[in-house]
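Report on one structure; see the data block that follows.
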Amino acid sequence: MGVKDLWNIVSPLCDRKPLFELQGKTIAIDISCWIVDSQTITDPSMQPKMYLRNLYFRTAFLLMHEISPVFVLEGKAPTLKHNTIAKRNNIRSGNQERNTVHRRGRTYFNRILKECKEMLDYMGLACVQGHGEAEAMCAYLNEDGLVDGCISQDSDCFLYGAKVVYRNFCTSAQGNRGGSGGAVDEYSLEKIERVLGLGRNKMIALALLCGCDYDEGLNGIGKEAAMKFFKLVEDKNVLERLKSWKTDKTLDLVEKELSNPNLCTSCGHSGKVQKHTKSGCIDCGTVVKCNDSYRERRALLLNEIGLRKKTLFVEGFPNQELIDEFLIRKDPVPTKVDIQWKQPQISKFIKFMEKHLSWEPQYAFEKIFPLATRWQVVHLPNISISHRVLMPDLFVPDTIKKIRNIRCVASYEIIWNNNHYIVEELRERVAANEKSDDDDDVDDLIELTSIEPQDAVQKCYPELVEVFENAKNAKKRKTKKKTRNAEDNGERKAEKRRQKKKEKNILDDVENNRKIDEFISKNPPASLEESFESLTISPKRSKKTGSREGQKGNNKKKRGPQINKVLQLENINSRCNDTLDRMFNELSPDDFLTDNDDHDLNVSEIIDDICSRKVFQYNVTKDVQTFADEKAICGGTIENVETINRDVSIQAKSDRYQENQSSGEKSGFIDEFADLSESYVPLYERIATRTRSKDSRRTSRKTNHRFSFGFEALMNDTVPEV
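Written out as structure tokens, the structure reads:
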């Protein structure tokens, strides 16, 4: 436990660090703390000797991370701790006080320490035996600079003189304390003293006031009162201040002064607080209020006076024996610590673990083998060849299997030779236990491989590394050649595929052209009507409703609206005997204006006039009568009669034109319009006649629409009017 509430006071200054930051350091370990932790985690009856198992795995973790542990064992407990030990033994025995308990002391605990020391010896680690408390020896080693820090759960280490203390040691990589492959809490005395002003002497004073493993402290005094007291005194004077409380009468005078009602509690000068608040203080030189710097000091003095009163009723305070326990070294401290890691004793370790933890020999060998190979790789370069011959536990490496990267550390995975006397002993034990001569199973289970740092392997086995690197480079060359050959073969194959594809495309084009020629020769082009009739439009989704008979009876082909419109116009033109084509063929050059004409006429009107002229192609009388009837229906006027008379005159002119034509044939002149049976009237005369009245223009337009057979509708892509 240590000093009461000391960990709570210094916990804000804790630094949680991963264990790999301790690499290369030498750490003193209070082994009793690890034993107590193991006993509190599990029930000893369910898991006996859990402390040995945890001690092995923690020690192996430190060694594999190049951290040098120095284990410190408990010695004879000081007389101050006898009462505490007796209480702990009573709790362990079920709170039954016995006379043998006090005499028992640490007999049970010493037996546990002896087992731990034996196992550590087989692992190649030496232990330091303390004459008193283990944390005291750890602190002495740290204070003298023999180790870089202490691993302990007791805060007494700082009181004994430790500089750096590591707490809450954890090797697990899981949970909030896992860190990266294990973590630990670091406390530095230099940082605590700089930030909190709490040095070694003040920590001893805290143990005297609040209590520790050796003393229960004063009743009614907590860490807050102690920390207030430490603000009034320096670290080097705090213990003398405690001793002077019984003899020094200065605090009595201070108490009387503070209890004077005529003194201001804010500034300490004569006067009342209320008066100084209104009119100020003459001694402070203020007009309003006063200096309140005395208020905090007054509170601290009152706190010290209260502590002093409590100590006056305790006989023998402060306990000088307790102070001497922390400040005076009673145990001889070694000037040099044997921290060198020796070669593990594999056979003895296997027997020990089989006896105390019931580990199978093969399992115990698997656990100690990585430590043996690591020690061999690290320390063998410093051993001469003559001494190596005298070491029978050495293993011989066969090959390097591959490169590994363990937590950002470049390593090699090494395969070791199986021809070793320890392996032979394991085979005999396994065969005897299983009563079987089949050693193949043993060989499969025991695989001598380990992972070692590359720099250590390079120093210890340079020839092995050279062979591995040469084989690796040769393999790279072969793979490069294979890749190059594969690339060349791939390019050749790709080129062949491209050529074959081109030839195939040419043959396909020739065959496709032949098919097109055969199709054209076999299937002559059809007419427009036949092609339209052969067209069918199928819906996107065919409805499956209806019977098969209804589907067979409905053989009518469906066409789009545009196709039906075109077919309808074609049928109308066929009924009209291609009238439109004939009208276009009757056009002459005189029907169009030349460049010398000044009139800007509408071509559509000209075409309409030509089309309307077809009404008069047979005889004048019939045409006039038809025209007159139509004008009467359309609501024509008297002016329409004049138009009819003019048309009669046009007919007379056409008769004269026929006579001239017949005379022309006699004279040898051939008229190109001789085949026409109707009379021809020049275009300008008909236009001049039609523009005289608006009503006649409307009539001609209506007539034009009636007898144009949908020409404009066809041109505008609309349905013709009937």
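Numbering (the working numbering), first residue to last: 1499 to 2220.
Here a beta-carbon is modelled for each residue, glycine too, at the ideal position from N, C-alpha and C.
Rounded C-alpha distance that separates V1785 from S1764
Looking up residue 1785 in the sequence shown gives position 287. Looking up residue 1764 in the sequence shown gives position 266. Straight across, the Cα-Cα distance linking V1785 with S1764 is about 15 Å.
V1663, DSSP secondary structure in three states:
Position 165 of the sequence shown, counting from 1, holds the residue named residue 1663. Note: V1663 maps to strand in three-state DSSP.
Whose CA, out of L1511, K1721, T1871 and A1724, lies closest to the CA of V1693?
By 1-based counting over the sequence shown, the position of residue 1693 is 195. Measuring from the Cα of V1693, the nearest candidate turns out to be L1511.
Run the CB neighbour count on K2050, radius 10 Å, all protein chains shown included, and call it buried at 16 or more, exposed below.
Position 552 of the sequence shown holds residue 2050. Legend: pLDDT at K2050 = 45, less than 50; position of this residue unreliable, no value from coordinates given.
Does F1555 pass the burial test, meaning 16 or more other C-beta atoms within 10 Å, or should it be called exposed?
Here the question's residue 1555 lines up with position 57 in the sequence shown. Here F1555 is exposed. Its C-beta has fewer than 16 other C-beta atoms within 10 Å.
Cβ contact (3+ pairs, closer than 8 Å) linking the stretch 1825 to 1834 and the stretch 1742 to 1758
Output reads no: the stretch 1742 to 1758 does not touch the stretch 1825 to 1834.
What is the DSSP secondary structure of R1905, counted as helix, strand or coil?
Your numbering for residue 1905 matches position 407 in the sequence shown. The three-state reading of DSSP puts R1905 in coil, since its state is none of H, G, I, E or B.
Spatial neighbours of I1904 within its chain, please: C-beta separation below 7 Å, excluding the five flanking residues on both sides.
If you number the sequence shown from 1, residue 1904 lands on position 406. The answer, listed in chain order, is I1949.
Does G2134 come out as helix, strand or coil in the three-state DSSP assignment?
Taking the first residue of the sequence shown as 1, we reach residue 2134 at position 636. Because the pLDDT at G2134 is just 44, under 50, the model does not fix this residue reliably, and the value given afterwards should be weighed accordingly. Assigned with DSSP and collapsed to three states, G2134 falls in coil, not helix or strand.
Determine the direct distance from the alpha carbon of K1721 to that of I1507, and round the result to whole angstroms.
Within the sequence shown, the letter at position 9 stands for residue 1507. Within the sequence shown, the letter at position 223 stands for residue 1721. I1507 and K1721 have their C-alpha atoms some 8 Å from each other.
Start and end residues, beta strand (DSSP E) containing F1569
For the purposes of this step, residue 1569 is taken as the residue at position 71 of the sequence shown. S1566 to L1571 is the span of the beta strand (DSSP E), which, as asked, contains F1569.
Using alpha carbons as the reference points, say which of Q1952, N1968 and K1502 lies closest to N1490.
The chain is shown from 1499 up to 2220; residue 1490 falls before or after that span and cannot be answered.
Here's the rule: buried if 16 or more other CB atoms are within 10 angstroms of the residue's CB, otherwise exposed. What is G2162?
As a position in the sequence shown, residue 2162 is number 664, starting the count at 1. For G2162, the predicted structure reports a pLDDT of 47, less than 50, and the residue's modelled location is therefore unreliable. The matter cannot be settled from this model.
Only counting runs of 3 or more residues, tell me where the beta strand (DSSP E) segments fall wholly within the stretch 1606 to 1662, in order along the chain.
Fully enclosed beta strand (DSSP E) runs of 3 or longer: 1625 to 1627 and 1647 to 1649.
Cβ-based neighbour list, K1957, same chain, cut-off 6 Å, excluding 5 preceding and 5 following:
Here residue 1957 is taken as the residue at index 459 of the sequence shown, counted from 1. So the qualifying residues of the chain are P1879.
For the beta strand (DSSP E) containing K1515, list its first residue and its last residue.
Stepping through the sequence shown from its first residue, residue 1515 is reached at position 17. Run containing K1515: D1513 to P1516, per the beta strand (DSSP E) assignment.
Can the beta-carbon of S1650 be found closer than 9 Å to that of C1668?
Taking the sequence shown and counting its residues from 1, the one referred to as residue 1650 is at position 152. Taking the sequence shown and counting its residues from 1, the one referred to as residue 1668 is at position 170. Result no, Cβ atoms of S1650 and C1668 do not sit closer than 9 Å.
Let me know the secondary structure DSSP gives E1722 once reduced to three states.
Sequence index remark: in the sequence shown, residue 1722 carries index 224 (1-based). Judged by DSSP in its simplified three-state form, E1722 adopts helix.
Short Cβ contact (9 Å threshold) for L2236 with V1663:
Because the chain spans 1499 through 2220 in this model, residue 2236 falls outside it and cannot be assessed.
What span of residues does the alpha helix (DSSP H) with T1809 cover, start to end?
Looking up residue 1809 in the sequence shown gives position 311. Bounds of the alpha helix (DSSP H) holding T1809 are S1791 to L1810.
Euclidean distance between Cα positions of L1707 and S1509:
Reading the sequence shown from its first residue, position 209 is the one you call residue 1707. Reading the sequence shown from its first residue, position 11 is the one you call residue 1509. Taking C-alpha positions only, L1707 is separated from S1509 by approximately 20 Å.
Might you give, ordered along the chain, the residues of its own chain that have their beta carbon closer than 6 Å to the beta carbon of R2046, omitting 5 neighbours on each side?
Residue numbering aside, residue 2046 sits at position 548 when the sequence shown is read from its first letter. Low local confidence applies: a pLDDT of 47 at R2046 is under 50, so the model's placement there is unreliable, with the coordinate-based value given in what follows. So no residue of the chain qualifies.
Cutoff 7 Å; reference A1703; Cβ partners in own chain excluding five residues on either side:
The residue given as residue 1703 occupies position 205 in the sequence shown. Take A1703, set aside five residues on each side of it, and the residues of its chain with a beta-carbon closer than 7 Å to its own are V1736, L1737 and L1740, in chain order.
Across the stretch 1868 to 1884 and the stretch 1958 to 1977, are there enough close Cβ pairs to call them in contact, namely three or more that are closer than 8 Å?
Touching, yes.
Judging by CA-CA distance, which residue of I1527, A1681 and E1823 is the nearest neighbour of A1624?
By one-based count along the sequence shown, residue 1624 stands at place 126. Checking every option, the nearest Cα to that of A1624 belongs to I1527.
Measuring only the C-alpha atoms, how far is E1564 from K1970?
Here residue 1564 refers to the residue found at position 66 of the sequence shown. Here residue 1970 refers to the residue found at position 472 of the sequence shown. Taking the CA atoms as reference points, E1564 sits about 29 Å from K1970.
Taking all protein chains shown into account, decide if I1883 is buried (16 or more other Cβ within 10 angstroms of its Cβ) or exposed.
For the purposes of this step, residue 1883 is identified with residue 385 of the sequence shown, where counting begins at 1. Around the beta carbon of I1883, a 10 Å sphere encloses fewer than 16 other beta carbons of the protein chains shown; the residue is thus reported as exposed.
Determine the closest residue to D1790 out of E1633, F1811 and L1761, with distance taken between C-alpha atoms.
Sequence index remark: in the sequence shown, residue 1790 carries index 292 (1-based). Checked all of E1633, F1811 and L1761; the closest Cα to D1790 is L1761.
At 3 residues or longer, and completely inside the stretch 1820 to 1905: list those beta strand (DSSP E) runs for me, N to C.
As far as the stretch 1820 to 1905 is concerned, its whole beta strand (DSSP E) runs of at least 3 residues are 1895 to 1904.
With respect to the beta strand (DSSP E) encompassing S1768, which residues constitute its N-terminal and C-terminal limits?
Numbered from 1 along the sequence shown, position 270 holds the residue referred to as residue 1768. Neither: S1768 is in no beta strand (DSSP E) and is coded neither H nor E.
Go ahead and label T1871 buried or exposed: buried means 16 or more other beta carbons lie within 10 angstroms of its beta carbon, across all protein chains shown.
Counting from 1 along the sequence shown, the entry for residue 1871 is found at position 373. Of the residues assessed, T1871 falls on the buried side of the cut-off, its CB having 16 or more other CB atoms within 10 angstroms.
Alpha carbon to alpha carbon, what distance is there between P1576 and S1742?
Working through the sequence shown from its first residue, we reach residue 1742 at position 244. Working through the sequence shown from its first residue, we reach residue 1576 at position 78. Taking the straight line from one Cα to the other gives about 27 Å.
Does L1892 come within less than 9 Å of chain B when only Cβ atoms are used?
Note that chain B does not occur in the displayed structure, where there is just one protein chain.
For C1906, is the classification buried or exposed, using 16 other Cβ atoms within 10 angstroms of its Cβ as the cut-off for buried?
As a working mapping, residue 1906 is identified with position 408 in the sequence shown. C1906 comes out exposed.
Once the 5 residues before and after K1900 are set aside, which same chain residues still bring their CB inside 7 Å of it?
Against the sequence shown, residue 1900 aligns to sequence position 402. Around K1900: E1911.
Residue(s) in a DSSP beta bridge with I1529
Taking the first residue of the sequence shown as position 1, residue 1529 is located at position 31. When beta bridges are read from the DSSP output, I1529 appears opposite no residue.
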